[in-house]
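Visitor:
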Amino acid sequence: MSATRNNHYVPRWYQAGFFEPGRTELAYFDLSPAQKTLDDGRVVTVGHSLVHWPTARCFQQRDLYSTFFGTLVNDEIERHLFGNMDAKGAKAVRAFAGADISQWHEYFHDLFLYIDVQKIRTPKALDWLRAQYPALTQNELMIEMQGIRAMHCTIWAEGVREIVSAEDAETKFILSDHPVTVYNYALPPETASCKYPLDPSIALKASQTIFPLSRDFCLILTNLEYAQNPMVSPLEKRTFARNYRNSMVSTHAFIRTRKLASPDVARINRIIRARASRYIAAGRKEWLHPDQSGEWGDLREVLLPPKRELYQYGGEMFAKFDDGRVYYQDAFGRAEKEREFLKKATPSKPLRPKDICGCGSGHDFGDCCEPRPFALRPSWTERSIRERNMMFLNALQNVLGLTEGRDWVTVRREMTDEKIKEIYLLYGDLWPEDTDLLQLLPKPDGRARAVYTGAIHPDAITDYALGASLYFGELIIQHPFVNARTLNPKYSPVKNPSSYRQEVLKAIIFFLTVIPMVDRGLVHLIPDPCDFDMHLRDQMFAMARARSSRIDKRLFEDERTVELVKEDTRRSIMSMPPAILQSQMRKVYPDQSEEEIEVSVQQMLKIQEYDRLAVLQQEPFASGEGNGRLNAMRLQPNFEIAMYLAQATGASVITDSPARWQEMQLAVRRPDRVYEPALTALARSMNETLFHFPQEVAEIFAIGSDESFAAYRPLIRDTFKYLAKLEERGAKPNVEQNLSGRFARAHEKAQATLQKVRLEAKQARIRSLFPKGGIQDNTINRLLLMSSSENHLPKVPMAFFIEPPQIARGTANAVQLQRGRGGMHG
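Each residue of the sequence shown is one higher than the one before, counting from 0 in numbering that gives the first Met the number 0.
1. Are at least three pairs of beta-carbons, each pair with one atom in the segment 568 to 583 and one in the segment 680 to 689, less than 8 Å apart?
2. How long is the line joining the alpha carbons of MET230 and PHE210, rounded to whole angstroms?
3. Cβ atoms of ARG283 and ALA26: under 8 Å apart, would you say?
4. So, is LYS204 buried or exposed, given that buried needs 16 or more other C-beta atoms within 10 angstroms?
5. Use the C-beta contact count for VAL561: other C-beta atoms within 10 angstroms, 16 or more gives buried, fewer gives exposed.
6. Going by DSSP, which residues form a beta bridge with TYR643?
7. Tell me, please, whether the CB atom of PRO53 is closer than 8 Å to any CB atom in chain B?
8. Using a 10 Å radius around the Cβ and a threshold of 16 neighbouring Cβ atoms, would you call ARG41 buried or exposed?
9. Along the chain, where does the alpha helix (DSSP H) containing TYR8 start, and where does it finish?
10. Taking the DSSP output, what are the residues bridged to LEU203?
11. Looking only at C-alpha atoms, which of ALA749, TRP127, THR512, ASN138 sits nearest to SER707?
12. Which two residues bound the contiguous alpha helix (DSSP H) that contains HIS104?
13. Give the straight-line distance between the Cα atoms of TYR64 and ILE119, rounded to the nearest whole angstrom.
14. In its own chain, which residues sit with a C-beta less than 8 Å from the C-beta of LEU234, not counting the 5 before and 5 after it?
15. Taking only three categories from DSSP, how would you classify HIS51?
16. For the alpha helix (DSSP H) holding ALA265, just list the boundary residues, first then last.
17. For VAL450, is the classification buried or exposed, using 16 other Cβ atoms within 10 angstroms of its Cβ as the cut-off for buried?
18. By alpha-carbon positions, which one of LEU615, LEU580, TYR609, ARG611 ends up nearest to VAL598?
19. Work out the CA separation of ARG484 and GLY69 for me, nearest whole Å.
20. According to DSSP, is CYS358 part of a helix, a strand, or is it coil?
21. Give the C-beta separation of PRO32 and VAL45 to the nearest angstrom, bearing in mind that I take them to be a contact with Cβ-Cβ under 8 Å.
22. Check this for me: beta carbons of ASN777 and GLU139, under 8 Å apart or not?
23. Is the CB-CB distance between ASP551 and ARG241 below 8 Å?
24. Between which two residues does the beta strand (DSSP E) carrying ASN183 extend?
25. Three-state secondary structure (DSSP) at GLN477?
26. Would you give the residue range spanned by the alpha helix (DSSP H) that GLY144 belongs to?
27. Are PRO196 and TRP295 closer than 8 Å when you measure CB to CB?
28. Pick out whichever of THR688, PRO796, ASN393, SER739 has its Cα sitting closest to the Cα of ALA751.
29. Below 8 Å on the Cβ atoms is my contact criterion, and I expect ALA454 with LEU634 to pass it. Report the Cβ-Cβ distance as a whole number of Å.
30. Taking 8 Å as the threshold (C-beta atoms), are LEU375 and PHE364 in contact?
31. Beta carbon of ILE270, beta carbon of VAL179: below 8 Å?
32. Taking three-plus beta-carbon pairs below 8 Å as touching, is the segment 488 to 497 in contact with the segment 511 to 520?
33. Just the C-alpha distance for HIS7 and GLU166, rounded to the nearest angstrom, thanks.
34. Taking GLY357 as the reference, which of ARG338, ARG333, SER383, GLU339 has the closest Cα?
35. According to DSSP, is ASN777 part of a helix, a strand, or is it coil?
36. At what residues does the beta strand (DSSP E) containing ILE653 begin and finish?
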């Protein structure tokens with residue numbers, strides 16, 4: 000059977016719904032007909048702008064969905080994917096053009112799935128999708144199109160759903176080559192955010208989706224906040240604007256009371272025409288030219304649903320299941336009550352440059368958000384990442400009694416199950432499910448910034464990660480605390496706190512070590528993005544599994560990681576109750592007397608006091624699952640989330656993990672991609688010299704304020720900017736030479752300063768990855784699209800590996816420059 004290559008992106012059955020009675024053709028209008036310039040300079044149209052064609056000839060394009068394998072052409076997407084969706088969609092559209100409520104319930108799901116597919120299958124939508132990636136082949140484009148299916152369904156279904164009628168009007172609805180039309184009164188077609196192939200985001204409060212069901216009926220979907228109050232800020236995102244999540248809605252709640260007059264139908268037709276790409280069609284040609292007078296913003300009046308019908312939407316919902324569980328959901332699909340203490344009011348008057356910035360960074364407005372465009376500012380209406388961490392610090396200090404002067408030994412002895420549970424509950428309250436982490440994160444604003452991915456362990460984070468802020472700018476580091484809400488109860492610190500006795504100490508020490516840098520704005524200590532988006536988590540796990548076969552597992556067992564695991568295991572064994580320790584020692588040393596064993600156990604208990612991460616409680620693990628204890632070694636974030644965060648925040652990636660570094664290299668050395676290194680002179684210079692990493696936060700502050708370190712951040716910023724535009728602008732040898740020279744001068748001056756001061760520092764080499772075209776994976780761009788990210792970069796321009804010099808096992812990798820390192824001991 001020959002392949003179907005003329006692909007209808009608006010299905011023929013749908014077009015037929017716009018026929019005039021007794022007719023089988025549409026008036027088909029080309030908004031941008033082909034033109035030709037004559038010898039005398041006149042420009043004339045080639046062919047006809049208006050034709051009357053059957054559905055077989057309208058809204059179709061050759062090989063729009065075809066995939067190619069050598070000389071073979073495959074049409075499975077047209078026949079199987081869209082064929083199946085069209086069959087279901089046809090029944091759903093006909094059901095909602097009718098009045099049978101039972102049919103609405105049956106086809107509710109199919110209707111929104113079909114509208115979503117119709118939105119992403121048009122030439123305009125595919126051009127938009129192609130623009131979200133650096134480069135896509137036709138086959139890759141088809142993969143990505145299928146990857147984002149059903150992205151809009153939840154937000155649409157949670158909105159106000161109205162079907163208006165043109166049955167009594169002489170003018171009927173028209174259709175276009177982009178039938179799912181998004182209208183926002185604050186974004187006229189000529190604005191930059193509506194430039195082809197862009198549409199307003201459906202998540203913006205005032206965005207409304209228009210979808211004509213037929214010549215006589217049109218579906219209008221409106222976000223609830225805007226329907227209830229048309230004066231809300233039109234360009235803010237609606238509450239809990241998250242794709243791909245479960246939600247509960249009433250399937251029969253459709254407003255069907257309005258019968259429009261011809262002028263109002265024409266106004267909707269004007270919007271449909273304005274957002275079309277090239278072709279529009281109608282049962283009659285005169286409907287294709289609606290009145291263009293009047294302001295774009297005024298058209299919203301015809302789209303707003305009647306206030307008296309809004310009682311069907313909003314409010315809270317409770318559902319009890321057969322097993323006794325009760326499901327709760329508010330008007331926006333949130334399954335948790337809103338935390339009012341995480342909200343904050345915007346300043347009542349404009350800030351001056353020296354005022355504290357409204358984003359919560361703690362910096363002056365003039366140094367923080369004032370130079371940034373509004374779209375690149377973190378949220379001013381939610382407690383910032385920094386503010387939430389400082390709130391958690393205060394709560395943690397109160398729970399542990401640190402404000403009362405308790406030392407660390409006492410804190411560890413008094414670490415009860417109730418305290419562990421309370422600590423994790425407090426953390427979860429600060430990071431509820433409806434958190435929009437992308438709103439709180441910094442945006443790609445041109446500032447030097449890096450995502451750290453590596454061991455989230457207190458004995459590792461000070462080695463290189465924190466000191467890296469001296470060279471790479473702000474750091475984004477994943478939080479050591481887990482969110483109990485996202486875990487199986489069997490592994491939850493709230494349901495099973497005893498199993499977290501070791502982990503909670505590691506998390507607390509890590510947090511207390513890093514928090515001074517969080518307060519200064521040098522570190523963004525963020526929760527796992529997957530804590531708030533289960534679809535993101537599922538997609539990430541699937542992607543990680545798909546690439547795991549290419550990773551050398553031995554790299555996860557590097558000497559440093561193995562040593563950390565051994566130390567944690569030793570602590571876990573030594574923290575067993577004395578009776579268990581004695582029993583184990585009798586098995587290992589059967590010749591020792593009871594007195595000798597008792598002395599050995601007491602010595603072990605005494606040693607534990609001097610180990611800041613050792614558990615000191617000795618009572619039985621009453622609430623532990625199987626009397627067990629969790630002992631986790633976390634390399635986070637993983638490759639996908641590190642890339643996700645870097646593109647979302649405009650950051651490079653740094654790691655001290657050989658395994659993560661291999662993953663970064665594999666991302667640019669794929670079989671289907673030619674690897675071309677850039678900035679080779681700079682890369683060579685960085686690799687041939689040693690970098691020193693101070694081990695104390697106070698010393699990082701002191702050194703970072705020295706003018707000899709001031710040149711690093713601008714250098715990293717300019718290198719990032721150059722690589723981000725390299726493919727577009729081409730190589731510039733003079734710029735590359737300048738960057739290499741700047742590094743040599745800056746590094747010599749800064750490292751000379753380090754040699755003079757009295758501190759302990761570890762040394763390492765830094766390997767760089769400067770690929771032409773950046774580090775990019777289509778799956779990461781897909782994750783960002785699924786997360787409704789709007790300002791992310793299409794790729795990560797550069798990455799760095801902090802590589803300690805090769806040393807013998809057990810040899811300290813430190814340059815002792817005068818003073819010993821302090822620690823948090825009892």
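Just so you know, even glycine gets a beta-carbon here, dropped at the ideal spot from N, CA and C. Note that the structure is predicted; figures quoted are calculated from it, not measured.
Guide: If we stick to the structure as given:
1. The segment 568 to 583 is not in contact with the segment 680 to 689.
2. Taking the straight line joining both Cα atoms gives about 24 Å.
3. For the 8 Å CB-CB criterion, ALA26 and ARG283 form a contact.
4. The residue in question, LYS204, is buried, as its Cβ has 16 or more Cβ neighbours within 10 Å.
5. Per the 10 Å Cβ criterion, exposed.
6. Among the bridge pairs identified by DSSP, TYR643 is matched with none.
7. Here chain B cannot be found, since the structure has a single protein chain.
8. By the 10 Å Cβ count, ARG41 comes out exposed.
9. DSSP places TYR8 in no alpha helix (DSSP H); its state is neither H nor E.
10. Looking at the DSSP output, LEU203 bridges to LYS236.
11. Taking only the C-alpha atoms, the option nearest SER707 is ALA749.
12. If you look at HIS104, you'll find it in the alpha helix (DSSP H) that goes 100 to 119.
13. The straight-line gap from Cα to Cα measures roughly 12 Å.
14. Annotation for LEU234: ASN183, ALA185, LEU186, LEU203, LYS204, ALA205 place their beta carbon closer than 8 Å to its own, counting only its chain and skipping 5 residues before and after.
15. Residue state for HIS51 is assigned as strand, using DSSP reduced to three classes.
16. 261 to 273 is the extent of the alpha helix (DSSP H) around ALA265.
17. VAL450 comes out buried.
18. Out of LEU615, LEU580, TYR609, ARG611, the CA that lies nearest to the CA of VAL598 is found in LEU580.
19. Spanning the two alpha carbons is a distance of roughly 49 Å.
20. DSSP places CYS358 in the coil class of the three-state scheme, outside both helix and strand.
21. Confirmed, Cβ separation roughly 7 Å.
22. For the 8 Å CB-CB criterion, ASN777 and GLU139 form a contact.
23. No.
24. Unbroken beta strand (DSSP E) run through ASN183: 180 to 183.
25. In this structure, GLN477 counts as strand in the three-state DSSP scheme.
26. It is Met, not Gly, that sits at residue 144 in the sequence shown. Per DSSP, MET144 belongs to the alpha helix (DSSP H) from 137 to 146.
27. Using a Cβ distance threshold of 8 Å, PRO196 and TRP295 do not count as a contacting pair.
28. Each of THR688, PRO796, ASN393, SER739 was checked against the Cα of ALA751, and the nearest Cα belongs to THR688.
29. Going by Cβ atoms, the distance from ALA454 to LEU634 rounds to 6 Å, so yes, they are a contact pair.
30. No, the pair does not count as a contact, with Cβ atoms beyond the cut-off.
31. Between ILE270 and VAL179, the gap from beta carbon to beta carbon reaches 8 Å or more.
32. Segment contact: the segment 488 to 497 against the segment 511 to 520, fewer than three CB-CB distances shorter than 8 Å; contact not assigned.
33. C-alpha separation (whole angstroms): 28 Å.
34. Taking GLY357 as reference, the option from ARG338, ARG333, SER383, GLU339 with the minimal CA-CA separation is SER383.
35. Residue state, collapsed to three classes: helix.
36. Unbroken beta strand (DSSP E) run through ILE653: 651 to 654.
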